[in-house]
Amino acid sequence: ATSEELNLGNSFHYVNIRLLPGVWQSSKNQTAHGMVDSPYTGALPLLNFNRKLGGLDFAAKQTVLAEMVEWLIGKKMVEPNKITEMIFANINDIHTVSDMARVVGLSPRQLQRTLKKTTQFAPHDFLKVLRLQQTLGGNDDGLSYADQSHFIRSFRKATGYTPGKYDETFDV
Numbered sequence: 371a372t373s374e375e376l377n378l379g380n381s382f383h384y385v386n387i388r389l390l391p392g393v394w395q396s397s398k399n400q401t402a403h404g405m406v407d408s409p410y411t412g413a414l415p416l417l418n419f420n421r422k423l424g425g426l427d428f429a430a431k432q433t434v435l436a437e438m439v440e441w442l443i444g445k446k447m448v449e450p451n452k453i454t455e456m457i458f459a460n461i462n463d464i465h466t467v468s469d470m471a472r473v474v475g476l477s478p479r480q481l482q483r484t485l486k487k488t489t490q491f492a493p494h495d496f497l498k499v500l501r502l503q504q505t506l507g508g509n510d511d512g513l514s515y516a517d518q519s520h521f522i523r524s525f526r527k528a529t530g531y532t533p534g535k536y537d538e539t540f541d542v
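If you read the sequence shown in our numbering, its first letter stands for residue 371, the second for the next number, and so on.
Here it is in structure tokens:
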């Protein structure tokens with residue numbers, strides 16, 4: 371997914387539900403296409419949930435978002451992915467694909483087949499995405515990248531920006 375942020379002088383609150391890779395079970399095809407100037411026309415009840423969120427305090431909004439996740443689970447659109455759960459739970463112990471396979475109790479080849487099927491990523495690419503996310507989230511323990519140039523190349527490949535240009539463009 372890609373996005374760009376525009377500062378139009380207005381403020382708004384943004385709420386996000388982040389699903390772990392591999393849990394989305396619905397069609398891999400785009401659910402709906404929309405732009406800022408056109409309303410959502412997809413099959414998900416996003417407009418109803420958005421109406422429920424209006425005027426609520428933060429704690430009450432969490433309840434509504436939990437209802438939405440429960441709805442997605444009930445419709446079998448999202449399901450737990452034990453492999454990615456184990457990977458995320460042990461992320462600080464994973465530095466190589468072999469470490470990842472050991473943590474989840476699969477051979478490297480079984481891990482490759484499982485991750486490709488459930489997340490569309492090969493294990494090495496999945497590990498690169500995890501490392502980049504750790505770095506962007508400020509949770510990097512310094513073991514993710516061999517050196518600064520390696521990080522810059524990986525960052526540019528994933529985002530299209532160097533870290534400095536990304537920071538400047540998106541006011542991180």
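A virtual CB, placed ideally from N, CA and C, is assigned to each residue, including glycine.
Should residue i and residue j be called a contact, given that it needs their Cβ atoms to be closer than 8 Å?
i, j, result
"alanine 528", "leucine 500", "no"
"valine 439", "glutamine 395", "no"
"threonine 489", "glycine 392", "yes"
"isoleucine 457", "valine 434", "no"
"threonine 484", "leucine 497", "no"
Using the Cα positions of residue i and residue j, report the straight-line distance between them to the nearest angstrom.
i, j, result
"proline 533", "histidine 494", "22 Å"
"phenylalanine 491", "glutamine 482", "8 Å"
"lysine 431", "aspartate 469", "38 Å"
"isoleucine 443", "serine 524", "34 Å"
"glycine 530", "aspartate 517", "19 Å"
"lysine 486", "glutamine 504", "21 Å"
"isoleucine 387", "lysine 535", "27 Å"
"tyrosine 410", "phenylalanine 419", "12 Å"
"glutamate 437", "asparagine 451", "20 Å"
"proline 415", "isoleucine 453", "29 Å"
Which residues does DSSP list as the beta-bridge partners of residue i?
i, result
"tryptophan 394", "Val448"
Could you spell out the range, first to last residue, of the alpha helix (DSSP H) harbouring residue i?
i, result
"asparagine 420", "416-423"
"alanine 471", "467-474"
"threonine 488", "478-489"
"alanine 528", "518-529"
Next item on the list: Pair every Cβ in the segment 415-433 with every Cβ in the segment 451-466, then say whether three or more of these pairs are closer than 8 Å.
Entry: no
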